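Read the structure below first, then the notes.
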Amino acid sequence: MKSIFFCFAIFTSCAQVYVFGAQNRQSVPIAGGISATSPERFHIVVPTLIALEREMDGKMDSPYIHRVNKIKDLKTQVVAGIRYYVKFDFGQTSCLKNATTVDGIGQCNDVTKTHKCEADIWEQAWLDQRDLLNFKCV
Numbered sequence: 785m786k787s788i789f790f791c792f793a794i795f796t797s798c799a800q801v802y803v804f805g806a807q808n809r810q811s812v813p814i815a816g817g818i819s820a821t822s823p824e825r826f827h828i829v830v831p832t833l834i835a836l837e838r839e840m841d842g843k844m845d846s847p848y849i850h851r852v853n854k855i856k857d858l859k860t861q862v863v864a865g866i867r868y869y870v871k872f873d874f875g876q877t878s879c880l881k882n883a884t885t886v887d888g889i890g891q892c893n894d895v896t897k898t899h900k901c902e903a904d905i906w907e908q909a910w911l912d913q914r915d916l917l918n919f920k921c922v
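Quick note: the sequence shown uses the working numbering, first residue 785, plus one each step.
Rendered as structure tokens:
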């Protein structure tokens, strides 16, 4: 009889943990998991995107310079640094790549056409290191 009561108590405890734990799992971020970022915090990725802008522009099959125009979505993951999953508009300017110096890129702000792009970036800020892991535009 004691063993039946003991088994029932264990079963009831496990059921409570499962049921009540499931309700809280949705609101608690998982360590090392991917987390959505609210639009008010999109500014945290801007310096990283600007630092990698020329590398992404080099992957575009176009003679024109492209600039990051507007961030649409951002997810972050803490993995020996921060991994950013970002969706953004990449604007084509009227400046030609072969006719514009690095110092002159700041003048190229007239967006004539935008591309919807996604980038997967890993940043280790304390090492001043940023790696563009994936980049694609549609």
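Backbone N, C-alpha and C fix where the C-beta goes; we use that ideal spot for every residue, glycine too.
No experiment lies behind these values; they were computed from the predicted model shown.
- Query: If you draw a straight line from the C-alpha of residue 858 to the C-alpha of residue 882, how long is it?
  - Reply: Numbered from its first residue, the sequence shown carries residue 858 at position 74. Numbered from its first residue, the sequence shown carries residue 882 at position 98. Taking the Cα positions, residue 858 is about 32 Å away from residue 882.
- Residue from 814, 917 and 922 with nearest C-alpha to residue 869: On the sequence shown, residue 869 is found 85 positions in, with the first residue counted as 1. Per the C-alpha coordinates, the member of 814, 917 and 922 positioned closest to residue 869 is 917.
- Assigned secondary structure, residue 920 (DSSP; H/G/I helix, E/B strand, else coil): Mapped onto the sequence shown, residue 920 falls at position 136. Residue 920 falls in the strand class under three-state DSSP.
- Please state whether DSSP places residue 910 in a helix, a strand or coil. Position 126 of the sequence shown, counting from 1, holds the residue named residue 910. Three-state result, residue 910: helix.
- Could you pull out every unbroken alpha helix (DSSP H) segment of at least 4 residues lying fully inside the segment 825 to 903, listed in chain order? Positions of the alpha helix (DSSP H) runs, each at least 4 residues long and wholly inside the segment 825 to 903, are given as 830 to 842 in order along the chain.
- Item | Local Cβ density within 10 Å of residue 903, reported as buried at 16 or more and exposed below that | The residue labelled residue 903 in the question sits at position 119 within the sequence shown. Answer is buried; the Cβ neighbour count reaches 16.
- Query: Which residues does DSSP pair with residue 819 in a beta bridge?
  - Reply: Here residue 819 is taken as the residue at index 35 of the sequence shown, counted from 1. Looking at the DSSP assignment, residue 819 forms a beta bridge with 860.
- Message: Rounding to the nearest angstrom, what Cα-Cα distance links residue 823 and residue 873 in this structure?
- Response: Position 39 of the sequence shown holds residue 823. Position 89 of the sequence shown holds residue 873. Near 15 Å, if we compare the C-alpha coordinates of residue 873 and residue 823.
- Task: To the nearest angstrom, report how far apart residue 814 and residue 841 are at their CA atoms.
- Result: Reading the sequence shown from its first residue, position 30 is the one you call residue 814. Reading the sequence shown from its first residue, position 57 is the one you call residue 841. Residue 814 and residue 841: Cα-Cα distance of roughly 34 Å.
- Rounded to a whole number of angstroms, what is the C-alpha to C-alpha distance between residue 851 and residue 898? As a first step, residue 851 must be located in the sequence shown, where it is residue number 67. As a first step, residue 898 must be located in the sequence shown, where it is residue number 114. Their backbone Cα atoms lie some 9 Å apart in a straight line.
- Could you say which of 838, 835, 907 and 894 lies nearest to residue 879 if we only look at CA atoms? By one-based count along the sequence shown, residue 879 stands at place 95. Of the candidates 838, 835, 907 and 894, the one whose C-alpha sits nearest the C-alpha of residue 879 is 894.
- Under 7 Å between the Cβ atoms of residue 905 and residue 860? Here residue 905 is taken as the residue at index 121 of the sequence shown, counted from 1. Here residue 860 is taken as the residue at index 76 of the sequence shown, counted from 1. In this structure, residue 860 does not lie closer than 7 Å to residue 905 by Cβ.
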